[in-house]
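Encoded as structure tokens, the structure appears first; notes follow it.
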Amino acid sequence: MERIIAARIRDVTETKLTPQQSGFRPVHSTLDQLLHLRAALTRPTPDSRTGAVFVYYAKAFDTVDHDRIVSAMREMELPPHIIRWSASFLKGHQAKIRVNSKSSPLMLFHCGVPQGTVLGPLMFIIVMNTLSKRLSQVPLLFHGFSPMISH
645 MERIIAARIR
655 DVTETKLTPQ
665 QSGFRPVHST
675 LDQLLHLRAA
685 LTRPTPDSRT
695 GAVFVYYAKA
705 FDTVDHDRIV
715 SAMREMELPP
725 HIIRWSASFL
735 KGHQAKIRVN
745 SKSSPLMLFH
755 CGVPQGTVLG
765 PLMFIIVMNT
775 LSKRLSQVPL
785 LFHGFSPMIS
795 H
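The sequence shown begins at 645 in our numbering and counts up one residue at a time.
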């Protein structure tokens, strides 16, 4: 079922994602972002000064609020039944940690995209697209998102 939902989400979102979003998309890669960055850094500017700032979002996958994911899905105009299914999918995820023979109690997660799932990366890029759209409104600012550009 998760793969079917993911295919429906991709059908709707692929044309709505900003071009700066390369992570977790078919025929997009980190190399795309590096080439865009190189072009931006070598492009002449009126005052001949160019700078770069790199931001690493620590624990980005683990800290995305579930309500924000659902809200971003609405903003992308996903069908209501897909949004409802996705909201249900996010609820009730539990985990425990086991080291050697000792286990922690079960913990319920209220944030973060479920890792190891087909939908997790899609949900993440949908949320990041909101940030990308806002950054696109800043004149002369180049930005890009790729999970492989790291510290």
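For glycine and all other residues, C-beta sits at the position ideal for the given N, C-alpha and C.
In this structure, the alpha-carbon of threonine 662 lies about 41 angstroms from that of proline 749. For methionine 772, the enclosing alpha helix (DSSP H) covers residues 763-779. Serine 748 sits in coil when the DSSP states are folded into three classes, being neither helix nor strand. Counting along the chain, the unbroken alpha helix (DSSP H) around glutamine 677 starts and ends at 674-686. Boundaries of the alpha helix (DSSP H) harbouring alanine 731: 724-734, taken from the DSSP string. In the three-state DSSP reduction, valine 743 falls in the strand class (E or B).
In summary, histidine 710 is buried, with 16 or more beta-carbon neighbours lying within 10 Å of its beta-carbon over all protein chains present.
Around lysine 660, the same chain offers Met720 as residues with beta carbons nearer than 6 angstroms, after the five sequence neighbours per side are excluded.
Contact between the region 720-739 and the region 666-680 is absent, with fewer than three C-beta pairs closer than 8 angstroms. For aspartate 709, the beta-bridge partners assigned by DSSP are Cys755.
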